[in-house]
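Going by numbering that gives the first Met the number 0, the sequence shown opens with residue 0, and the numbers climb by one from there.
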Amino acid sequence: MNNKKISSIWIITIFFAALSLNSCKSNAEETYTVWTDVATYSEFESAFNTTLDNGYYLRLEFTSSQWSQISPSLTNEGKHRWTKDQIKDWLIGRGFGDTESTRESAWMTTIDHGLIASRTNSTVYLILK
């Protein structure tokens, strides 16, 4: 009887230990690899073959094929491991309002790969994931 009681205690102990380890992992905020960059409007226009009006932004979702063409050119410069809140803060720092930054950071963290480009005068701010 004592052996069964000791075995039950070990099983219960292991069960609760596993639960506590699992809860620690789920409380950690997820991070995403993103790259930020700044370009002149003419560089942006030439690279993306599109226009972007001053004070506006655009977002593009990349296919796997497009990402495989883009990703080799990415370096550690401008590379970050950010949470959704850090992405939102970056967007706010580039003139996005709270509603836009919430919506766009949510979009950025749910897609596999994409880009948000925001133009302020002759400067274009870029964030890629």
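Backbone N, C-alpha and C fix where the C-beta goes; we use that ideal spot for every residue, glycine too.
Ranking Asp88, Tyr40, Thr109, Pro71 by CA distance to the CA of Ser100 puts Asp88 first. Under the 10 Å beta carbon count, Lys128 is surrounded by 16 or more other beta carbons and is classified as buried. Phe61 places its beta carbon less than 9 Å from that of Asp111.
Looking at the backbone, the Cα of Arg118 and that of Thr108 are separated by about 21 Å. Between the alpha carbons of Asp36 and Asn120 lies a gap of roughly 16 Å. The Cβ atoms of Arg80 and Ile115 lie no closer than 9 Å to each other.
In the structure shown, Lys128 adopts coil according to DSSP, grouped into three states.
Setting aside the 5 residues that flank it on each side, Ile91 is surrounded in the same chain by Asp97, Ser100, each with a C-beta closer than 8 Å to its C-beta; the list follows chain order. Around the CB of Glu42, fewer than 16 other CB atoms lie within 10 Å, so the residue is classed as exposed. If you compare the alpha carbons of Ile126, Tyr40, Asp52, Leu73 with that of Gln85, the shortest gap goes to Ile126. Taking the CA atoms as reference points, Thr39 sits about 25 Å from Arg102. Counting along the chain, the unbroken beta strand (DSSP E) around Thr35 starts and ends at 31–39. In the DSSP assignment, Thr119 falls within the unbroken beta strand (DSSP E) covering 113–119.
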